[in-house]
Amino acid sequence: MERLTPLSSGDISLHKFPYYLTDRKPQNYGKDALGRIKELDYAALAIATQRNDFL
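Structure, rendered in structure tokens:
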């Protein structure tokens with residue numbers, strides 16, 4: 392399991408969300424050791440329709 396640190400207040404404000412992420416509250420995201428923002432709860436995905444805009 393990967394360790395993610397909590398986001399600071401400005402980390403997520405400029406982040407563009409893919410359509411399939413339905414829960415966009417900052418407390419549901421964390422930052423990995425390389426600074427990449429990742430989702431903590433994968434139950435909040437809406438992937439019923441296949442599209443090509445994965446970021």
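If you use the working numbering, the sequence shown corresponds to residues 392 to 446, in order. Every residue, glycine too, gets a C-beta built ideally from N, C-alpha and C. The model shown is predicted, which means the values in this text are computed figures rather than measured ones.
Using a Cβ distance threshold of 8 Å, Gly421 and Leu431 count as a contacting pair. In this chain, the beta strand (DSSP E) harbouring Tyr420 covers 420-422. Secondary structure at Pro397: strand, using DSSP grouped into helix, strand and coil.
One Cα belongs to Asp402, the other to Pro409, and the distance between them is close to 16 Å.
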